[in-house]
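One structure is given here, and the rest of the page talks about it.
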Amino acid sequence: MKVLVTGSAGFIGGVVAQQLEHAGDEVVRVDLMLEQAHGTAHVPAGTHQLDVRDAGSWEGILDGVDAVCHQAALVGAGVTVSDLPAYASHNDLGNAALLAAMHEAGVSRLVVASSMVVYGEGRYSCSEHGAQVPPPRRLEALDAGDFDNHCPTCERALGWETVDEDARLDPRSTYAASKLAQEHYTSAWVRQASASAVALRYHNVYGPGMPRDTPYSGVAAMFRSSLERGEAPRVYEDGAQMRDFVHVADVARANVLALRAVVTEPDGTFAAYNVCSGSPISIREVAELVATGTGRDIAPQVTGGYRLGDVRHIVASPELARAELGFSAEVTPAEGLHEFATAPLRA
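In terms of UniProt numbering, the sequence shown opens at residue 1 and continues consecutively.
Put into structure tokens, the structure is as follows:
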């Protein structure tokens with residue numbers, strides 16, 4: 001199989017490309033080399049450097065390609081509202097331009113990197129009143145240190161449950177809105193272009209090669225960067241927020257399985273799958289695992305601060321990906337995050 005991998009010089013895309021090549025597939029590597037992700041790194045040999053947002057720049061590169069694995073995107077929580085145009089440009093326009101170029105070249109199979117952030121808040125229930133859909137958390141409550149979502153009837157703190165792929169989509173941040181837009185563009189393209197696509201909704205991805213010292217990365221890398229400077233990792237809220245952390249090697253394997261599946265699917269097929277470890281963990285535990293992995297006695301600093309784009313709990317269910325793609329994570333957060341403490345980061 002001949003696969004074009006966008007973002008192939010980056011964190012996830014690079015590992016996807018390596019796994020495909022190891023399996024004997026032919027890989028076409030494409031990357032923009034965005035500064036937020038690559039820093040001052042040089043373009044790796046054999047990589048086509050182009051702007052994914054320019055549909056015309058794809059001419060000839062898609063020739064003979066069986067499927068595209070689209071990893072190129074601006075990720076992370078961003079810094080300010082002024083980041084809105086960058087997310088819309090790189091993620092939404094970039095995705096749309098690629099889809100147009102694929103249609104022009106007759107390439108009709110795609111795996112696209114999405115994110116669990118499209119769900120917004122996770123799935124909640126009250127022990128007395130059942131399932132609940134919480135509204136955005138109130139500023140007054142956050143300022144007072146009340147970070148939980150509460151039952152509207154009895155005011156108890158809601159308990160979290162795992163989120164299936166058919167859950168309500170309600171993005172709460174700039175990045176989340178851009179990822180949902182990518183899914184919408186892709187599902188529309190599937191219908192209009194007689195194509196087939198898979199969207200992989202990643203949970204928090206970590207592993208060797210993550211960018212250091214940038215908010216356009218994952219929280220694990222930010223904790224790792226702080227420890228590298230000899231500083232305590234700063235944990236927002238009370239640290240009890242529940243997440244799932246999945247190793248980049250597992251994420252890459254999920255992409256390979258999705259590529260194998262999508263090339264055999266009939267036209268007009270669009271599916272989304274959660275990609276997670278299946279082992280929920282609190283943000284404070286993440287910081288503690290990375291800290292202990294360094295061998296230093298540096299305890300995380302729980303700040304009580306918050307970011308408006310964050311949600312309280314979001315933990316995805318791995319069951320559909322296991323049943324339909326045959327994907328199950330092999331690296332647990334307890335193992336992987338401890339090792340990540342000394343893994344090399346991207347400068």
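Each residue gets a CB set at the ideal place from its N, CA and C atoms; glycine is no exception.
Beta carbon of residue i, beta carbon of residue j: below 8 Å?
i: V315; j: P280; result: yes
i: R284; j: A232; result: no
i: L345; j: A249; result: no
i: residue 348; j: R201; result: Any answer about residue 348 is impossible in this case: the structure gives the chain only from 1 up to 347.
i: residue 375; j: A97; result: This structure does not reach residue 375, given that the chain is present from 1 up to 347, and the question cannot be answered.
i: residue 397; j: G268; result: The structure shown does not extend to residue 397, since the chain spans only 1 to 347, so no value can be given for it.
i: V302; j: D238; result: yes
i: E121; j: N149; result: yes
i: M242; j: H338; result: no
i: A199; j: V112; result: yes
i: A343; j: P208; result: yes
i: L325; j: D164; result: no
i: A271; j: S178; result: no
Can you give me the C-alpha to C-alpha distance between residue i and residue j, rounded to a whole angstrom?
i: P85; j: D92; result: 10 Å
i: F147; j: Y206; result: 25 Å
i: T332; j: G56; result: 42 Å
i: S217; j: E104; result: 33 Å
i: C126; j: S328; result: 30 Å
i: L20; j: V27; result: 7 Å
i: A37; j: C154; result: Any answer about A37 is weak, because its pLDDT of 49 lies below 50 and its placement is not dependable; what the coordinates show is given next. Taking the straight line joining both Cα atoms gives about 45 Å.
i: S173; j: T294; result: 32 Å
i: T40; j: G10; result: Unreliable placement is indicated for T40, whose pLDDT of 49 sits below 50; the coordinate value is still reported in the next sentence. Roughly 12 Å between the two C-alpha positions.
i: V3; j: D244; result: 29 Å
i: D66; j: Y236; result: 44 Å
i: G13; j: E335; result: 23 Å
i: R253; j: E183; result: 21 Å
i: R234; j: F223; result: 7 Å
i: H22; j: R138; result: 49 Å
i: V107; j: W58; result: 12 Å
i: G309; j: D213; result: 20 Å
i: P266; j: W189; result: 14 Å
i: S187; j: E140; result: 39 Å
i: R260; j: C69; result: 11 Å
i: V256; j: N95; result: 20 Å
i: P136; j: V117; result: 14 Å
i: Y185; j: G230; result: 43 Å
i: T292; j: P300; result: 10 Å
i: V81; j: S114; result: 21 Å
i: A131; j: V219; result: 29 Å
i: L50; j: D166; result: 35 Å
Report the option in the options whose CA atom is closest to the CA atom of residue i.
i: D63; options: V311, A197, R307, M1; result: M1
i: R307; options: F340, D143, I298; result: D143
i: R123; options: Q182, P208, E161; result: E161
i: D83; options: C69, A258, A176; result: A176
i: V290; options: N95, P300, F270, A341; result: A341
i: R191; options: R109, E288, V117, P134; result: R109
i: D54; options: A271, S115, A100; result: A100
i: V133; options: G145, A141, E140, Y119; result: Y119
i: R296; options: S178, E228, I61, Y185; result: E228
i: P211; options: I61, P136, L74; result: L74
i: G145; options: A323, G305, T47; result: G305
i: E330; options: H247, Y185, E288, S226; result: H247
i: S226; options: D166, I298, A258, Y185; result: I298
i: A323; options: E288, G60, T264, A258; result: A258
i: I61; options: G278, V5, T264; result: V5
If contacts are defined as beta-carbon pairs under 8 Å, then residue i and residue j qualify, I think. What distance do you get, rounded to the angstrom?
i: C151; j: H203; result: That belief does not hold up - the Cβ atoms of C151 and H203 are roughly 26 Å apart, past 8 Å.
i: L158; j: P171; result: Contact flag wrong, Cβ pair sits at about 20 Å.
i: V286; j: S196; result: So it is not a contact: roughly 36 Å between Cβ atoms.
i: A72; j: G7; result: 4 Å
What beta strand (DSSP E) runs, 3 residues minimum, are completely inside the UniProt domain "NAD-dependent epimerase/dehydratase" (165-275)? 196-202, 204-206, 245-247, 269-275
Unbroken alpha helix (DSSP H) runs of length 4 or more, entirely within the UniProt domain "NAD-dependent epimerase/dehydratase" (3-124): which are they? 11-22, 35-38, 84-87, 94-105
Alpha helix (DSSP H) segments (min. 4 residues) lying fully within the region 263-335: 283-293, 319-324
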